[in-house]
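In the working numbering, the protein residues as written are 524 to 1078. Every residue gets a Cβ at the ideal spot worked out from N, C-alpha and C, and that includes glycine.
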Amino acid sequence: MTAWLAANLAPVMFFAMILFLLSGAPVAFALATCGIVFGLIGIELGLLSASLVQAMPDRVFGVMSNDTLLAIPFFTFMGLVLERSGMAEDLLDTVGRLFGTLRGGLAVAVVLVGAMLAATTGVVAASVISMGLISLPIMLRAGYDARLASGVIAASGTLAQIIPPSLVLIVLADQLNRPVGDMYRGALLPGLVLTGLYLLYVLGMAWLKPESAPALPEADNHDSAERRGVWALFALALAAGVGASQLPALQAHAVDARALLSVTAGGAVAWLLALTDRLLRLNRLPDLARRVAFVLMPPLALIFLVLGTIYLGLATPTEGGAMGAAGALLMALARRRLDRELLTQALDRTVRLTTFVLFILIGARVFSLTFYGIDGHLWVEHLLLSLPGGQTGFLIAVMLLVFVLAFFLDFFELAFIVVPLLAPVAEKLGIDLVWFGVLLAVNMQTSFMHPPFGFALFYLRSVAPKTLPTRDIYWGAVPFVGIQIVMVALVLAVPHLVTGRPDGPARAAGSGQYTEDDYRHGDGRTQRSPDHPDAALEAAIERAERQAGDLADEP
């Protein structure tokens, strides 16, 4: 029995970890307990050296000193301040007035506002709760199908998981040892495509089943004239944005950076026109047009402050998050919503979420310390590399695994437990880790929508009217889970959406020289950079394994 256990300790530890997680114990403590218990077993069996425990402080310190993870509290705080400053209410009211008289217009407004909230807050709970409180009662009163209304709100809120500045992209960048900026660039287009798929589904439902998404009655011709003024203002902003994109100073930047700058320039022109019209009392712009300019421009400015500075290389993601948090405070102050209660609530929830993430990460590092020490990573690599089909077989198996695990685990747990085991195999198969990370992020997004454990469904249930059956909320999410699966297939079939290169996930062998481009796109090696937090751990594991081998050779 002892010999069998020594030969199979890695798979036994892996399945014991799954049982720990399914038992309902807190994830951080379940992982740490599993790592400590099997570490003691490994020492007793002679597979590990007691000196391996000395790597534990370095492991924990590596987590605490990780600059990449510092962006999480900044973006969380930014999202919570914006959510409590009333930005979501203003956006939903304005965009709802703009599209409400179209068939399915309210649902279209929810999707568009969800995408904008995702690009500013990055927090799923804030988006779903805000839109559930404001839009759901209006949509139900307007005669919308309960399943369509609840599904649109829950799905739009989950866009915060894939559209930058997403928290899951920060965590995945850390686990894959890739720059956060590259993950943000790679995820931007898939996030926009997913938003477009949601809009197509809503418009298709409004066309096929008009009674499920009726239009709001138009009050009078004044509303129609106001909307024409809005579209005229939009045309001017579009012309300004196109003109800005042709400036010679912008030609040296990437396409995504130029597009973001162009959108910001167009929004700034619209805002300046509305401000001039108000200050000079010209009254040339309708009230709705001025409202659109004043409500939409601040979030666009914040998006540029965060993502624009990152894409242009002016700031790191952590610095961009800090500027975003400062910008959120200024927006709350401008709305006269900044007070002691708002700050206290935002800081409290930020500390709670950040502590939750760090404890899970520390528990995962304790688990992996033992798992790596008993060559568990080699067992996983051999298991996955032996799958038929090479890259394709590996990717299909991984996508199915993550999709199933998402029924039971949230994205933080998946990122900290599963991704470190998959990344070395993907790298050995020559897969671009940025593309692989975005693919995982799109797949893990379904963890918020899976009935019956999806967190977005729980958030919506907590604010939905009691007359709305829970089964309608669950069934309403099912079509959008299908759309997310379609998006996973699109990223698999068209890697160019993420990489911007026709070769997609496969890479040609390089010259062996480690360049900045290799760091950004992966060079096929499994070694970590010397400054990575896990470098000290892996060195300690190698030393401990050598010591254990020396002890085993002694008579």
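What does the alpha-carbon distance come out to for the pair residue i and residue j?
{"i": "V716", "j": "A630", "result": "17 Å"}
{"i": "L603", "j": "V675", "result": "22 Å"}
{"i": "F538", "j": "V921", "result": "17 Å"}
{"i": "G619", "j": "V636", "result": "9 Å"}
{"i": "L770", "j": "A762", "result": "13 Å"}
{"i": "M587", "j": "F882", "result": "10 Å"}
{"i": "G766", "j": "D616", "result": "30 Å"}
{"i": "G628", "j": "W998", "result": "21 Å"}
{"i": "F543", "j": "I559", "result": "13 Å"}
{"i": "M662", "j": "L830", "result": "32 Å"}
{"i": "L528", "j": "V535", "result": "8 Å"}
{"i": "V957", "j": "Q698", "result": "11 Å"}
{"i": "V1009", "j": "A791", "result": "36 Å"}
{"i": "Q968", "j": "N806", "result": "45 Å"}
{"i": "G1005", "j": "L835", "result": "35 Å"}
{"i": "T893", "j": "G562", "result": "5 Å"}
{"i": "L614", "j": "P822", "result": "9 Å"}
{"i": "L723", "j": "F1003", "result": "11 Å"}
{"i": "H1019", "j": "S546", "result": "41 Å"}
{"i": "F584", "j": "C557", "result": "20 Å"}
{"i": "V925", "j": "G764", "result": "40 Å"}
{"i": "W730", "j": "G913", "result": "43 Å"}
Buried or exposed, going by whether 16 or more other CB atoms sit within 10 Å of the CB of residue i?
{"i": "R701", "result": "buried"}
{"i": "A526", "result": "exposed"}
{"i": "N531", "result": "exposed"}
{"i": "R670", "result": "buried"}
{"i": "M540", "result": "buried"}
{"i": "S572", "result": "buried"}
{"i": "W794", "result": "buried"}
{"i": "T681", "result": "buried"}
{"i": "E749", "result": "buried"}
{"i": "Q1007", "result": "buried"}
{"i": "R607", "result": "buried"}
{"i": "E936", "result": "buried"}
{"i": "V634", "result": "buried"}
{"i": "Q684", "result": "buried"}
{"i": "T505", "result": "Not covered by the structure: residue 505. The range shown for the chain is 524 to 1078."}
{"i": "P687", "result": "buried"}
{"i": "S909", "result": "exposed"}
Could you check how far apart the C-beta atoms of residue i and residue j are, in whole angstroms? I think they sit under 8 Å.
{"i": "S673", "j": "Y721", "result": "About 14 Å; that fails the 8 Å criterion."}
{"i": "A665", "j": "S689", "result": "That pair is no contact at about 31 Å."}
{"i": "T878", "j": "A738", "result": "Contact flag wrong, Cβ pair sits at about 46 Å."}
{"i": "V647", "j": "F978", "result": "7 Å"}
{"i": "V927", "j": "L621", "result": "That belief does not hold up - the Cβ atoms of V927 and L621 are roughly 41 Å apart, past 8 Å."}
{"i": "S985", "j": "L932", "result": "S985 to L932, Cβ: 21 Å. No contact."}
{"i": "G789", "j": "A760", "result": "4 Å"}
{"i": "A611", "j": "L640", "result": "6 Å"}
{"i": "A1000", "j": "A677", "result": "5 Å"}
{"i": "R860", "j": "G609", "result": "6 Å"}
What residues in its chain sit with their C-beta under 7 Å from that of residue i, if we drop five residues either side in the sequence?
{"i": "S768", "result": "R781 and S785"}
{"i": "S891", "result": "P943"}
{"i": "I833", "result": "G704, Y707, P840 and G843"}
{"i": "L695", "result": "M706, A938, V942, G960, L963 and A964"}
{"i": "L876", "result": "T599"}
{"i": "L1149", "result": "What the structure shows of the chain is the stretch from 524 to 1078, and residue 1149 is not part of that stretch, so it cannot be assessed."}
{"i": "Q1050", "result": "Note that Q1050 has pLDDT 43, beneath the 50 cutoff, so the model's placement of it is unreliable and the number below is only indicative. Excluding sequence neighbours, Q1050 sits near nothing in its chain."}
{"i": "L605", "result": "T643, T644, A851 and M854"}
{"i": "V691", "result": "Q684, F934, A938, A964 and M967"}
Enumerate in chain order the residues of its own chain whose CB-to-CB distance from residue i is below 8 Å, with the five nearest sequence positions on each side excluded.
{"i": "E904", "result": "P947, V948 and K951"}
{"i": "F600", "result": "A848, A851, A869, L870 and T873"}
{"i": "A987", "result": "G655, L659, S673 and I996"}
{"i": "L1015", "result": "L918, M922 and L962"}
{"i": "V753", "result": "L621, P809, L811, A812 and V815"}
{"i": "A838", "result": "T832 and M846"}
{"i": "M579", "result": "V889 and L892"}
Near residue i, which residues of its chain fall below 6 Å by C-beta distance, leaving aside the five closest residues on each side in sequence?
{"i": "G844", "result": "A594, F597 and F598"}
{"i": "A982", "result": "Checking the sequence shown, residue 982 turns out to be Tyr, not Ala. A648, V651 and I652."}
{"i": "G886", "result": "A551, L554 and A555"}
{"i": "A632", "result": "V618, G619 and F622"}
Worksheet item: Along the chain, which unbroken stretches of the alpha helix (DSSP H) at least 4 residues long are found entirely within the segment 934-1018?
Response: 934-940, 942-951, 956-967, 978-986 and 993-1016
Worksheet item: Which runs of the alpha helix (DSSP H) spanning at least 4 residues fall entirely within the segment 787-863, listed in chain order?
Response: 810-826 and 840-857
Discussion item. If we require 4 or more residues per run, which alpha helix (DSSP H) segments fall completely within the segment 607-648?
Written reply: 610-622 and 628-643
Worksheet item: Can you list the alpha helix (DSSP H) stretches of 4 or more residues lying completely in the segment 540-584, in chain order?
Response: 550-567
Worksheet entry | Every unbroken alpha helix (DSSP H) within the segment 671-725, with a cutoff of 4 residues, ordered by chain | 690-699
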